[in-house]
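In terms of my numbering, the numbers along the sequence shown are unbroken and rise by one, the last being 780.
Positions of the beta carbon are idealized from the N, C-alpha and C atoms, including for glycine.
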Amino acid sequence: MPPFNPVYTAIVIVALVGAVLGLCAFLTLTERKLSAWMQDRVGPNRVGPGGLLQPMADGGKFFLKEEVIPDHVDKLFYVLAPAAAVGTALLALAVVPFGSTVAPPDPVAVTAPAAGGPTPVETFERQQAEYRSHFSFVLNPGLDIGVLYLFAVGSLAVYGGVLAGWSANNKYSLLGALRASAQIISYEIPLGMSVLGVFLIVGSLNPERIIDWQTAGGPYWLLLFQPLALFLFMTSSYAEASRLPFDLPEAEQELVGGYHTEYSALKLGLMLLSEYVHLIAGSFMLAVLFLGGWSLFGLESVSDDPIVTAVLRLLILCGKMFALCIFAQLVRWTIPRFRFDQLMNIAWKVLLPLALLNLICVMVVKQMGWPLVVLTGTSAALVVGAGLFSVWTAGSVTNPKRKVVKLPAGVPAGVTYAS
362 MPPFNPVYTA IVIVALVGAV LGLCAFLTLT ERKLSAWMQD RVGPNRVGPG
412 GLLQPMADGG KFFLKEEVIP DHVDKLFYVL APAAAVGTAL LALAVVPFGS
462 TVAPPDPVAV TAPAAGGPTP VETFERQQAE YRSHFSFVLN PGLDIGVLYL
512 FAVGSLAVYG GVLAGWSANN KYSLLGALRA SAQIISYEIP LGMSVLGVFL
562 IVGSLNPERI IDWQTAGGPY WLLLFQPLAL FLFMTSSYAE ASRLPFDLPE
612 AEQELVGGYH TEYSALKLGL MLLSEYVHLI AGSFMLAVLF LGGWSLFGLE
662 SVSDDPIVTA VLRLLILCGK MFALCIFAQL VRWTIPRFRF DQLMNIAWKV
712 LLPLALLNLI CVMVVKQMGW PLVVLTGTSA ALVVGAGLFS VWTAGSVTNP
762 KRKVVKLPAG VPAGVTYAS
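Structure representation (structure tokens):
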């Protein structure tokens with residue numbers, strides 16, 4: 362593949378968007394089936410065999426319902442908000458390495474050759490051209506700031522909710538948008554801090570090179586050395602996707618529907634679709650950063666054919682992503698929704714301190730030259746310490762001291778007295 366082939370890029374974009382949209386539809390079915398199983402219900406079983414065609418019925422409903430645009434909304438931003446929400450979510454998938462066949466060249470590893478030979482820059486450019494000539498499912502292969510790009514695009518997700526809430530001229534929508542912006546900004550910090558340890562260990566921001574580090578010499582997945590960072594990244598990604606128990610921006614009991622309140626038909630479908638796309642993108646990056654990406658104990662390299670290898674790696678990575686999405690759905694139907702003050706406290710008082718302590722541990726281990734297995738012990742110690750601290754402070758949080766007011770003399774027992 363040449364450095365830029367517009368035809369190939371267009372084909373990959375269309376295939377990627379189509380696959381993601383189909384996967385989102387399938388995830389809606391798995392979520393409804395899973396919730397029915399956990400609640401001892403039957404679930405959707407009317408449309409198609411076993412309810413398998415239920416996503417098609419839901420999609421058709423969004424297309425055929427009446428499009429209602431209230432008179433009091435700002436029509437320009439009201440229409441742009443769903444497109445912004447879905448667009449920013451899809452942009453995050455541009456750097457996901459779905460199935461490369463060779464490892465990208467490392468500019469740090471290129472040393473000066475003998476006298477009269479090519480320069481390090483020429484050597485790296487030759488290796489880069491050879492790498493790009495191999496078959497790959499990566500939309501933007503070899504991007505050395507891939508993870509940084511993911512964070513930059515992920516932070517733009519707040520604009521979809523803010524535009525939807527502000528343009529609706531509705532107090533519930535505006536409150537939901539404010540909650541969404543505060544939530545994304547708060548959890549973006551521990552999300553980024555949790556990955557800094559990975560950067561220090563691997564020494565690269567390239568997702569493909571991170572996978573190559575985890576597969577070089579054996580399946581040394583970063584899950585083994587950074588389990589706490591995995592937990593922090595997973596929790597923060599669920600919060601940014603507004604998944605239960607972090608769906609405060611659209612809590613029905615408090616805000617009707619949040620910034621979804623004034624939307625209907627296809628626009629509402631796009632807003633709901635963006636949450637699933639965020640979940641898929643976060644699950645992909647979780648698999649890439651901590652679970653070895655497309656590696657699975659050598660299964661990805663059983664064939665010498667580059668096409669077969671790329672397909673195997675694509676299937677392995679998608680399998681890990683799907684398992685993580687199912688786990689997120691289990692979390693949704695297991696843990697109740699937090700209050701908004703609890704949501705903020707978790708980000709600033711729990712996740713951020715743990716991310717900082719984990720980063721300090723990685724820095725000390727790298728500086729002292731200790732084996733990386735030490736980080737497994739430090740992560741376990743931090744988790745145990747955080748658990749003991751939460752138990753120690755649980756009484757002051759859940760059962761605060763209350764002021765006891767003595768009733769004046771002569772007031773009968775059981776009578777409410779207001780001073």
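Using CA coordinates, which residue listed in Pro-431, Val-440 and Phe-387 is at the minimum distance from Met-632? Val-440
Are Val-649 and Asn-530 close, meaning C-beta to C-beta below 9 angstroms? no
In the DSSP assignment, the alpha helix (DSSP H) including Thr-576 goes from what residue to what residue? 568-576
Just verifying my parser: in three-state terms, what is the DSSP assignment at Gln-400? coil
In three-state DSSP terms, what is Lys-710? helix
Please classify Glu-601: is it buried, with 16 or more other beta-carbons within 10 angstroms of its beta-carbon, or exposed? buried
Given a threshold of 16 other Cβ atoms within 10 Å of its Cβ, counted over all protein chains shown, does Ile-696 qualify as buried or as exposed? exposed
Candidates Pro-551, Leu-509, Leu-511 and Leu-536: which alpha carbon is nearest Leu-717's? Pro-551
Report yes if the C-beta distance between Gly-522 and Ser-542 is below 9 angstroms; otherwise report no. yes
Just the C-alpha distance for Gln-587 and Ala-450, rounded to the nearest angstrom, thanks. 26 angstroms
By the 10 Å Cβ neighbour count, where 16 or more other Cβ atoms means buried, how is Asn-406 classified, buried or exposed? exposed
Quick check on the burial criterion: 16 or more other C-beta atoms within 10 angstroms. Buried or exposed for Gln-575? buried
Within 8 angstroms, do at least three Cβ pairs link the segment 644-660 to the segment 731-748? no
Pick out whichever of Val-375, Ser-656 and Leu-382 has its Cα sitting closest to the Cα of Ile-641. Leu-382
Does the beta-carbon distance from Gly-619 to Leu-504 come in below 9 angstroms? no
Taking C-beta to C-beta, are Leu-454 and Leu-377 nearer than 9 angstroms? yes
Own chain, CB closer than 6 angstroms to Ser-780, minus 5 neighbours either side, in chain order: The predicted position of Ser-780 is uncertain, since its pLDDT is 47 and thus under 50; a value taken from the coordinates is nonetheless stated next. So no residue of the chain qualifies.
Ser-664 in three-state terms, based on DSSP: coil
Going by alpha carbons, who is nearest to Tyr-520 out of Ala-538, Phe-512, Ser-534 and Leu-557? Ala-538
Count the other CB atoms, across all protein chains shown, that sit within 10 Å of the CB of Ala-446; report buried if there are 16 or more and exposed otherwise. buried
Following the continuous alpha helix (DSSP H) through Asp-419, name the residue where it begins and the one where it ends. 415-425
Excluding the five sequence neighbours on either side, which residues of its own chain have a C-beta within less than 7 angstroms of the C-beta of Leu-743, listed in chain order? Leu-589, Leu-715, Leu-718 and Asn-719
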